[in-house]
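J.: In terms of the numbering used here, the sequence shown has 40 at position 57, counting the first letter as 1, and numbering is strictly consecutive. Don't be surprised by glycine CBs; every beta carbon is placed ideally from N, CA and C. What you are looking at is a predicted structure, and each value in this text was computed from that prediction instead of being measured.
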Amino acid sequence: MPQSADKVLDHTKLFHEPEYKQMLENKRAKYENATPAPQVTEILDWTKSWDYREKNLAREALVVNPAKACQPLGAVFAAAGYEGTMSFVHGSQGCVAYYRSHLSRHFKEPASAVSSSMTEDAAVFGGLVNMVDGLANTYALYEPKMIAVSTTCMAEVIGDDLNSFILQAKDKESVPADFDVPFAHTPAFVGSHVDGYDNMQKGILGHFWKDAKRKENQSINIIPGFDGYAVGNIRELNRMLDAMGVSYTVLSDVSDVYDTPSDGQFRMYDGGTRLDAAKKAVNAKATVSMQEYCTRKTLELCEKVGQQTAAFHYPMGVGGTDDFLVKISELSGKAIPDSLTLERGRLVDAMADSQAYLHGKTYAIYGDPDFVYAMARFVMETGGEPTHCLATNGSKEWKEQMEALLASSPFGKGCQVWAGKDLWHLRSILATEPTDLLIGNSYGKYLERDLGIPLIRLTFPIFDRHHHHRFPTWGYQGGLNVLVKILDTVLDKLDTDTGTLGETDISFDLTR
-16 MPQSADKVLD
-6 HTKLFHEPEY
4 KQMLENKRAK
14 YENATPAPQV
24 TEILDWTKSW
34 DYREKNLARE
44 ALVVNPAKAC
54 QPLGAVFAAA
64 GYEGTMSFVH
74 GSQGCVAYYR
84 SHLSRHFKEP
94 ASAVSSSMTE
104 DAAVFGGLVN
114 MVDGLANTYA
124 LYEPKMIAVS
134 TTCMAEVIGD
144 DLNSFILQAK
154 DKESVPADFD
164 VPFAHTPAFV
174 GSHVDGYDNM
184 QKGILGHFWK
194 DAKRKENQSI
204 NIIPGFDGYA
214 VGNIRELNRM
224 LDAMGVSYTV
234 LSDVSDVYDT
244 PSDGQFRMYD
254 GGTRLDAAKK
264 AVNAKATVSM
274 QEYCTRKTLE
284 LCEKVGQQTA
294 AFHYPMGVGG
304 TDDFLVKISE
314 LSGKAIPDSL
324 TLERGRLVDA
334 MADSQAYLHG
344 KTYAIYGDPD
354 FVYAMARFVM
364 ETGGEPTHCL
374 ATNGSKEWKE
384 QMEALLASSP
394 FGKGCQVWAG
404 KDLWHLRSIL
414 ATEPTDLLIG
424 NSYGKYLERD
434 LGIPLIRLTF
444 PIFDRHHHHR
454 FPTWGYQGGL
464 NVLVKILDTV
474 LDKLDTDTGT
484 LGETDISFDL
494 TR
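Structure follows, in structure tokens:
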């Protein structure tokens, strides 16, 4: 065999060794009864045609590779941003394993969450016993300061009442009567992870703010929303707000949770919004959401207690950051400092320096509604042309907002907005109307391979590249990072297209 203790091959090389090639060939011949290669090629070619596209876009009863995840994932993410908080998902173990693996694969950090481990008997008789035992075990084993409860499909289908179950568990002394156990119903079969994030934020804040006597101060609450770049973005957000001298509280701060150091100490809980700060946040003058579609119900709660609210679409680039800082200045009475104005000018200068390589480039952009909006806006600032904008969890209202944004710039003319479509739809769209570049998450690498359109990874999840989340995409500095990623992809493609010795290398330029 080609592999031994002294010679350990990565799987990408191992399965190309002769022994494995022969093994796989024998398997195909004996068991798979594969369709002949010419027929496979013929069908693949047809799936890239306009005829197939029309059939694919007319599809209603099937979703193939949606660009979204389910509600409980967003709930687990939101809860992780609070001090000493353990997520308790009322449902099966397999579901929770998915949430943990999804987050840990993206952030390259442990993602703690527990399950009530519901099985067939709980599906028939209800999960109260699982809740009672599970809360007791969680409290005893993991010593959290708060347990945040959410649900999966199983618990929602049978109608388990979280509020009642938690009260009964406290009666049975699973946890102390005054222990914080906020909850949110997060049915995975409707909505997406952004809705789960919203429901859990509302559940936690509603728990702390219930019956509170509000005494308004000048502080501003900031809700980041579900964000794969949260480590870098929240730290960049803190830096900008500190530079302005604003009094603020970030609600669900995961920046340290998903970026713990390797120093010999395991941190099950690290950082996060302090629970006493979350309680006092009811007194804030205003609550500002960095992502509107992640916080609609939460902002309604904030308005109900008497706070001003404002919502943005993932502030990125010049215009998005301008709008955010101007609003913060208006709410806080603090001026935007010269240091941030200089950063703005540097971003504009960088965009101007590289304009010749970005002007007229066409893009397909997919992801969460707020991200797609922000990305399209920034692309147009660079002179690029968003051609296809897709959000599987995008609503009719989101589509109207996108169309208004695109109509505001000559670079948005002709862009098609695809709300509710998935990545298999996008494959047909790009096969028939290709673009220069593709922006989204790691799942787009299959589109890149299939259609030859370079992929720029800029949103959750990113599994096949490391540490992107440590660098911001928000603010002027984040906009510069995004600009560089786009430019590197454009210039790498230029090198590839001009890199054949003696054939295409006439313009294989050293200086660009």
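Note the first and the last residue of the continuous beta strand (DSSP E) segment covering N216.
T.: Segment 213 to 227 is the alpha helix (DSSP H) holding N216; no beta strand (DSSP E) there.
J.: On the CB-based measure, 16 or more other CB atoms within 10 Å of its CB, does Q184 come out buried or exposed?
T.: When all chains shown are included, Q184 counts as buried.
J.: So, helix, strand or coil for A390, using DSSP?
T.: A390: helix per DSSP, three-state reduction.
J.: Would you say G350 and I439 are within 9 Å of each other, going by their C-beta atoms?
T.: No; because the gap between Cβ atoms is not below 9 Å, this pair is not in contact.
J.: Pick helix, strand or coil for V72, following the three-state DSSP scheme.
T.: V72 falls in the strand class under three-state DSSP.
J.: Between the Cα of H452 and the Cα atoms of Y459, F443, G458, which residue gives the shortest distance?
T.: Considering only alpha carbons, the answer is F443.
J.: Determine which residues share a DSSP beta bridge with P369 and list them.
T.: Answer is Y346, bridged to P369.
J.: Given this structure, state the Cα-to-Cα distance separating V467 from I206, to the nearest angstrom.
T.: If I take the Cα positions, the gap works out to 27 Å.
J.: Are the C-beta of V107 and some C-beta of chain B separated by less than 9 Å?
T.: You won't find chain B in this structure, because it holds only one protein chain.
J.: Where does H507 sit, in a helix, a strand or coil, going by DSSP?
T.: Beyond the ends of the chain as shown, which are -16 and 495, falls residue 507; an answer cannot be given.
J.: Which value, in whole angstroms, describes the spacing of the CA atoms of M251 and T121?
T.: Going by the C-alpha atoms only, they are around 13 Å apart.
J.: For the alpha helix (DSSP H) that R327 lies in, which residues bound it at each end?
T.: Per DSSP, R327 belongs to the alpha helix (DSSP H) from 321 to 336.
J.: Using a threshold of 9 Å, state whether the C-beta atoms of A80 and V132 are closer than that.
T.: No.
J.: Measure the C-alpha to C-alpha separation of S425 and G211 and round it to an integer number of angstroms.
T.: Roughly 12 Å separates the two Cα atoms.
J.: State the start and end residues of the unbroken beta strand (DSSP E) segment that holds M273.
T.: Premise fails: M273 is in no beta strand (DSSP E) and is neither H nor E.
J.: Alpha carbon to alpha carbon, what distance is there between G485 and H85?
T.: One C-alpha to the other measures close to 46 Å.
J.: Count the other C-beta atoms from every protein chain shown that fall within 10 angstroms of the C-beta of W192, then say buried if there are 16 or more, exposed otherwise.
T.: The residue is buried, with at least 16 neighbouring Cβ atoms inside 10 Å.
J.: What are the start and end residues of the alpha helix (DSSP H) that includes H360?
T.: Looking at the sequence itself, residue 360 is Arg, so the reference to His does not match. Its alpha helix (DSSP H) spans residues 352 to 364.
J.: In this structure, does DSSP put A95 in helix, strand or coil?
T.: For the sequence presented, residue 95 should be read as Ser rather than Ala. S95: coil per DSSP, three-state reduction.
J.: Hey, could you find the ends of the beta strand (DSSP E) I422 is sitting in?
T.: Residues 420 to 423.
J.: On the DSSP letters alone, give me the boundaries of the alpha helix (DSSP H) that Y231 sits inside.
T.: Note, Y231: premise wrong, no alpha helix (DSSP H); beta strand (DSSP E) at 231 to 233.
J.: Whole angstroms is fine: what's the gap from N204's alpha carbon to E416's?
T.: Roughly 43 Å between the two C-alpha positions.
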